Amino acid sequence: MHSSTMSGDTAPRVVEDYRGVIQILSDGTILRSDPAALRPPERFPDVPGVEWDDVVYDAAHGLKLRVYRPAPPAAAGDDGDAKKKKKLPVLVSFHSGGFCLGSFAQPHFHAGCLRLASDLPAIVLSADYRLGPEHRLPAAVDDAAAALSWLRGAAATHPWLAESADLTEVFVAGESSGANMSHHVAVMHGSGQLPLDPLRVAGHVMVTPFFAGAERTAAEAAAPPPDAGAVFTPEMSDKLWRMSLPAGATLDHPVANPFGPDSPCLEPVAFPPVLVVSAGRDMLHERVRRYAAKLREMGKPVEVVVLEEQDHAFFSRQPWGEGADEMIRVVKKFVHEGSGAECN
1 MHSSTMSGDT APRVVEDYRG VIQILSDGTI LRSDPAALRP PERFPDVPGV
51 EWDDVVYDAA HGLKLRVYRP APPAAAGDDG DAKKKKKLPV LVSFHSGGFC
101 LGSFAQPHFH AGCLRLASDL PAIVLSADYR LGPEHRLPAA VDDAAAALSW
151 LRGAAATHPW LAESADLTEV FVAGESSGAN MSHHVAVMHG SGQLPLDPLR
201 VAGHVMVTPF FAGAERTAAE AAAPPPDAGA VFTPEMSDKL WRMSLPAGAT
251 LDHPVANPFG PDSPCLEPVA FPPVLVVSAG RDMLHERVRR YAAKLREMGK
301 PVEVVVLEEQ DHAFFSRQPW GEGADEMIRV VKKFVHEGSG AECN
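The opening position of the sequence shown corresponds to residue 1 in UniProt numbering, with each subsequent residue numbered one higher.
Set out below in structure tokens:
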């Protein structure tokens, strides 16, 4: 267990506790224990041919990302044109964890990125970002923007990107909190706050986005209590938001609620195609569908796919499960063929 102290207090007590893994004490001390208490390390199948390379993208904050490159396809024959290496789309991915947990190096996140790199196929960048409560939002969103800016600058200098990446086909993806970050990157880029030329963002992929609001949806209000064995509950969500949002902020903070009273108007923001993958068993499913519907009402190009039998953050929970198989099929179609019909 390690800790950081923000102020002094003679008799600190626990004022916030996320499942025993993160605790905030009354003197501002933050205690973190081994995240394996929530998820013991697992061994996942190997994915032959995929290489990866860890790179510092923000030295000032000590942040790294992992670049994945799949094995090149076999040459079709002796024809010189057939032997030319086709460049691959780039998927920039941000992991889940409620803005408070996770790292690209954890086995389940790593396994998912190996699959994405191989099965799409694509160059995949999996970026770490600053976590709450040590680093309150919008720190993570700023880091997502920094990762895209790094890609812009490293496109010609990182050998794998220079050789294999099609920088006119960049997709910004994420699961749960990472999907939330994908949304905010879309807003920053589409409103001119995040210049990325000559990169071209061709789309956004948001898997079970982590959004909130001061007023609960019917699905959130009816969600089972924590002791009922639910994967994700309103109580868990509330704690993660309290640990990640600025102190005193409500669930209508613009990072949590894209359509809250203080959120920017999205009408003038240019969005590329957006793929939203929701899960039928996710308590946030209703909120996610409302999010997509509101974007559509504004004329944004949004495709919604609902995997009815899946739960929140299903991809990282089971990166080799049936839900992951279906999600990868849908993302592959979106990346290589463009959006299609809505699937419910």
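Backbone N, C-alpha and C define an ideal beta-carbon position, used for all residues, glycine too. What you are looking at is a predicted structure, and each value in this text was computed from that prediction instead of being measured.
Residue range of the beta strand (DSSP E) that includes residue i
| i | result |
| --- | --- |
| Ser164 | From DSSP, Ser164 is part of no beta strand (DSSP E) but of the alpha helix (DSSP H) over Pro159 to Ser164. |
| Arg32 | Ile30 to Arg32 |
| Ala186 | Looking at the DSSP string, Ala186 is not in any beta strand (DSSP E); the run it does join, the alpha helix (DSSP H), is Ser177 to Gly190. |
| Pro89 | Leu88 to Phe94 |
| Leu63 | Leu63 to Arg69 |
| Ala129 | The question names Ala, but residue 129 in the sequence shown is Tyr. Per DSSP, Tyr129 belongs to no beta strand (DSSP E) and is neither H nor E. |
| Asp262 | Segment: none, Asp262 is in no beta strand (DSSP E) and carries neither H nor E. |
C-alpha distance - residue i paired with residue j, whole-angstrom precision
| i | j | result |
| --- | --- | --- |
| Val331 | Phe315 | 12 Å |
| residue 345 | Ala145 | Residue 345 falls outside the range modelled here, since the chain spans only 1 to 344, and no answer is possible. |
| Glu220 | Leu101 | 22 Å |
| Val302 | Leu295 | 7 Å |
| His270 | Arg136 | Reading off the sequence shown, one finds Ala at residue 270, where the question assumed His. Between Ala270 and Arg136, the C-alpha separation is close to 27 Å. |
| Gly112 | Ser103 | 13 Å |
| Val205 | Gly174 | 6 Å |
| Met236 | Val90 | 33 Å |
| Gln310 | Thr10 | 47 Å |
| His143 | Arg130 | This sequence places Asp at residue 143; His is not what is there. Going by the C-alpha atoms only, they are around 7 Å apart. |
| Ser118 | Ala279 | 24 Å |
| Ala218 | Glu286 | 8 Å |
| Ala82 | Pro273 | Because Ala82 sits at a pLDDT of 43, beneath the cut-off of 50, its placement in the model cannot be relied upon, and the following sentence gives the value as read from the coordinates. Using only the alpha carbons, I get a separation of about 31 Å. |
| Ala59 | Ala222 | 44 Å |
| Met243 | Gly132 | 6 Å |
| Ala249 | Pro121 | 41 Å |
| Gly98 | Lys239 | 9 Å |
Extent of the continuous alpha helix (DSSP H) to which residue i belongs
| i | result |
| --- | --- |
| Arg242 | Pro234 to Ser244 |
| Lys294 | His285 to Glu297 |
| Gly323 | Glu322 to Glu337 |
| Arg317 | Phe314 to Arg317 |
| Pro107 | Pro107 to Asp119 |
| Ala145 | Ala139 to Ala154 |
| Ala221 | Ala218 to Ala221 |
Per-residue burial, residue i [other beta carbons within 10 Å of its own, 16 or more giving buried]
| i | result |
| --- | --- |
| Glu42 | exposed |
| Gln193 | exposed |
| Thr233 | buried |
| Trp320 | exposed |
| Arg200 | exposed |
| Glu337 | exposed |
| Met327 | buried |
| Val14 | exposed |
| Asp282 | buried |
| Pro317 | The sequence shown places Arg at residue 317, not Pro. Counting Cβ neighbours within 10 Å, Arg317 comes out buried, since at least 16 surround it. |
Strand pairing of residue i, partner residues [DSSP]
| i | result |
| --- | --- |
| His204 | Val172 and Val274 |
| Gln23 | Asp17 and Leu31 |
| Ala279 | Leu307 |
Any chain C beta carbon closer than 9 Å to residue i
| i | result |
| --- | --- |
| Asp46 | In summary, chain C is missing from the structure at hand, where a single protein chain is found. |
Does the structure place the region 62 to 71 close enough to the region 201 to 209 that three or more beta carbon pairs sit under 8 Å?
no
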